[in-house]
Amino acid sequence: MSEYLSRILRISVFSVTAVILFPLGVAQAEALPDFVSLVKEQGPAVVNISVEISDHSKNTEAPALPMPDFDEDDPTGELFRKFFEQMPRQNLPETGSLGSGFVISRDGFILTNAHVISKADRVLVTFTDRREFEATIVGSDNRSDVALLKIEANDLPVVRLGDSESVQVGEWILAIGSPFGFENSAASGIVSGLGRSLPNETYVPFIQTDAPINPGNSGGPLFNMNGEVIGVNSQIYTRTGGSMGLSFAIPINVAMRVVDQLKSKGRVSRGWLGVGIQDVTQDLAESFGMKRPRGALVTEVLEGSPASHGGIAPGDVITLFDSIEIDRMSDLPPVVGSTPVGSEVDIEVIRKGHSLTLKITIGELDDGVVMAPSEDASSPEDGLILGMNLTPLTNELKDESNLNNGLLVGEVGEGAGLRAGIKQGDILIQAGGVVLRDLHSLSEIIDQTPEGKSLAVLIRRGGSSLFIAIKP
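The sequence shown finishes on residue 1172 if you use my numbering, and the numbering steps up by one all the way, no holes.
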């Protein structure tokens, strides 16, 4: 081939490659989100919220909301914080910029977080055009961290509300708010996860994002790329007090259901089942005769609760609630909470390897309820089983634990109990679905368990009940 033809061939290949790559580059550029237009259109409806506190004792060095107890080696305790628990530990000035909010109606209804306006004597709302309004608190709900404010104004700019049910992991999002008081600041990212359950927030299936959210964004809107609000920024995971790329927003559908109740009656009522639950592990699934881990495992049933009246028992695995699939423990509380009080629902459970459908009438959640299972008598013997030193409950321990049966775990040596995670001070309540009245009953169950098969043991630890799988 001549040098001339070779040059022509190289030029042709280069030209074809350029033609192919150029449209790809254009397409990729066109696919980038238009944050500029979104901020211009929706930014005016996002407000800064500050509060006035006349009594400084309301805002001491203690956190505004209590943190749950965690083991020292539990990374979750590193911490999920309300944004402003991270601020310097000192009394705030009389008036301080605390967070964000957004207008949801032209006549002045504003949505924000409950913790933003908690303990406030006076709430001030500031728009991007520097107009200020004093706001009235219509109502707030600590369980969902949603609050509704009202200002006396008309023809206000409003956000467009989206559908949080349609949100997908990986899609672009934009947060607008007032981090550290810098009003109308925008921060972008993607949706990292859906249906997240956080400590003390079991009734909200949070949207997780990697947007750099900071103190002051709290209560502000989370937008999709259609310019619609899909969430309310609420919490962050942090070791430093600033963003670490783990932010959590209340789904807008959940928030608006709360808003509707706050508007109509000033409070929020939630459905209540009356059970303690945990996730199903692979070993527990095997012990219950399940093909794979799924559902919410019932660890305790409150006496007199809807679950008790409907026949739910410890050891049942809830897999369907009113035709909604329950794959994990965290799936259950939000759907129960959003069910109207008095509704009759079908709940499908797996009990001893068999599927069973129960009809339950949903009650109303009361913040004062205390979980307490109920059992029968015991016998005065003690011994060593599976490496655990076990003793029947004394009358004093029965009163303290509100149990009528069980075996107290003393020293835990080498053996199946230690490998399964049983700790000194635990109380064994059931094994294989059978109430443990004495050591003999546990020994019988262990003898009947096939070699290599897991045995589901219900224990009481620190006031809570949970199942642990033991391989005898």
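Here a beta-carbon is modelled for each residue, glycine too, at the ideal position from N, C-alpha and C.
Remember, it's a predicted structure, so these values are computed and weren't measured experimentally.
Point to revise | Chain-order list of residues whose beta-carbon lies under 6 Å from that of residue 822 (same chain, five-residue window excluded) | key: Correct list, in chain order: 752.
Check your understanding: Of all the beta strand (DSSP E) runs that stay within the bounds of the region 830-868, which reach a length of 3 or more residues?
Key -> Every beta strand (DSSP E) of 3 residues or more that sits fully in the region 830-868 is shown, in chain order, as 832-841, 846-850.
Check your understanding: From residue 947 to residue 750, what distance separates their C-alpha atoms?
Key -> Those two C-alpha atoms are separated by around 22 Å.
Practice item. Give every residue of the same chain whose Cβ lies closer than 7 Å to the Cβ of residue 739, excluding the five residues on either side of it in the sequence, and list them in chain order. Key: In the same chain as residue 739, and ignoring 5 residues on each side of it, the C-beta atoms closer than 7 Å to its own belong to 876, 886, in chain order.
Practice item. Just confirm the distance between the C-beta atoms of residue 847 and residue 833, as a whole number of angstroms; I'd bet it's less than 8 Å. Key: That belief does not hold up - the Cβ atoms of residue 847 and residue 833 are roughly 16 Å apart, past 8 Å.
Exercise for review: Could you give the DSSP three-state label for residue 1014: helix, strand or coil?
Suggested key: Residue state, collapsed to three classes: coil.
Point to revise | DSSP beta-bridge partners of residue 893 | key: Residue 893 pairs with 908.
Practice item. Rounded to whole angstroms, what's the CA-CA distance from residue 907 to residue 1100? Just pull it up for me. Key: Taking the straight line joining both Cα atoms gives about 39 Å.
Review point. With which residues is residue 1059 paired in a DSSP beta bridge?
Key: Paired residues: 1046.
Practice item. Grab me the residues of residue 806's own chain with a C-beta within less than 7 Å of its C-beta, minus the 5 sequence neighbours each way, in chain order. Key: Only residues of its own chain outside the window of five on either side were considered, and among them 854, 855, 856, 858 have a CB closer than 7 Å to the CB of residue 806, listed in chain order.
Review point. Does the beta-carbon distance from residue 1057 to residue 1044 come in below 8 Å?
Key: In terms of Cβ geometry, residue 1057 and residue 1044 do not form a close pair [threshold 8 Å].
Review point. Going along the chain, which unbroken runs of the beta strand (DSSP E) with 3 or more residues stay wholly within the region 916-971?
Key: Within the region 916-971, the runs of beta strand (DSSP E) that reach at least 3 residues and sit entirely inside it are, in chain order, 921-923, 928-937, 947-951.
Review point. If you follow the beta strand (DSSP E) that residue 976 is part of, which residue opens it and which one closes it?
Key: Start and end: 975-979.
Review point. So, using beta-carbon positions, are residue 978 and residue 969 closer together than 8 Å?
Key: No.
Practice item. Mark residue 915 as exposed unless 16 or more other C-beta atoms lie within 10 angstroms of its C-beta, in which case mark it buried. Key: Burial check for residue 915: the Cβ neighbour count within 10 Å reaches 16 or more, so the residue is buried.
Point to revise | Proximity winner among 1112, 836, 1007, relative to residue 963 (alpha-carbon distances) | key: Per the C-alpha coordinates, the member of 1112, 836, 1007 positioned closest to residue 963 is 836.
**Study point:** Cβ-based neighbour list, residue 883, same chain, cut-off 8 Å, excluding 5 preceding and 5 following
**Key:** 748, 826, 828.
Review point. Helix, strand or coil: how does DSSP classify residue 877 here?
Key: Residue state, collapsed to three classes: strand.
Check your understanding: Quick one: what does DSSP say residue 805 is sitting in, helix, strand or coil?
Key -> Residue 805: coil per DSSP, three-state reduction.
Exercise for review: To the nearest angstrom, report how far apart residue 922 and residue 1122 are at their CA atoms.
Suggested key: If I take the Cα positions, the gap works out to 43 Å.
Review point. Can you give the Cα-Cα distance for residue 1013 and residue 945, rounded to whole angstroms?
Key: Rounded to whole angstroms, residue 1013 to residue 945 spans 41 Å at the Cα level.
Point to revise | residue 1150 to residue 1171 span [Cα, whole Å] | key: Taking C-alpha positions only, residue 1150 is separated from residue 1171 by approximately 10 Å.
Review point. From which residue to which residue does the beta strand (DSSP E) around residue 1092 run?
Key: Annotation: the continuous beta strand (DSSP E) that includes residue 1092 extends over 1088-1092.
**Study point:** Residues bridged to residue 1084 (per DSSP)
**Key:** DSSP output for residue 1084 lists 1089 as bridge partner(s).
Check your understanding: Roughly how many whole angstroms lie between the Cα atoms of residue 1096 and residue 1160?
Key -> Distance between the alpha carbons of residue 1096 and residue 1160: 16 Å.
Point to revise | Short Cβ contact (8 Å threshold) for residue 927 with residue 950 | key: Taking 8 Å as the Cβ cut-off, residue 927 and residue 950 do not qualify as a contacting pair.
Exercise for review: Measure from the alpha carbon of residue 1060 to the alpha carbon of each residue in 1009, 1018, 1103, 1108, then state which is nearest.
Suggested key: Comparing alpha-carbon positions, the option among 1009, 1018, 1103, 1108 lying closest to residue 1060 turns out to be 1009.
Exercise for review: Starting from residue 1054, follow its DSSP beta bridges and name the residues at the other end.
Suggested key: Looking at the DSSP output, residue 1054 bridges to 1051.
**Study point:** Residue burial classification, residue 726 (beta-carbon count within 10 angstroms, cutoff 16)
**Key:** Reliability of the predicted coordinates at residue 726 is poor, the pLDDT of 46 falling under 50, and no value is obtained from them.
Exercise for review: Return the residue from the list 976, 816, 998 that minimises the CA-CA distance to residue 985.
Suggested key: Here the closest residue by C-alpha is 998.
Review point. Exposed or buried, which one is residue 1147 when buried takes at least 16 other CB atoms within 10 Å?
Key: Exposed, by the Cβ-count rule.
Point to revise | Assigned exposure category for residue 983 - 16 Cβ within 10 Å defines buried | key: That one is buried.
Point to revise | Candidates 889, 929, 1144, 902: closest to residue 862 by CA position | key: Residue 929 is the option with its Cα nearest to residue 862.
Review point. Taking buried to mean at least 16 other C-beta atoms within 10 Å of its own C-beta, is residue 868 buried or exposed?
Key: A residue is called buried when at least 16 other Cβ atoms come within 10 angstroms of its Cβ; residue 868 does not meet this threshold and is exposed.
Exercise for review: Report the three-state DSSP secondary structure of residue 1026 (helix, strand or coil).
Suggested key: DSSP, reduced to helix, strand and coil, places residue 1026 outside both helices and strands of the structure shown, so it counts as coil.
Point to revise | For residue 1156 and residue 988, believed in contact at Cβ under 8 Å, the rounded distance | key: With a Cβ gap of about 6 Å, residue 988 and residue 1156 count as contacting.
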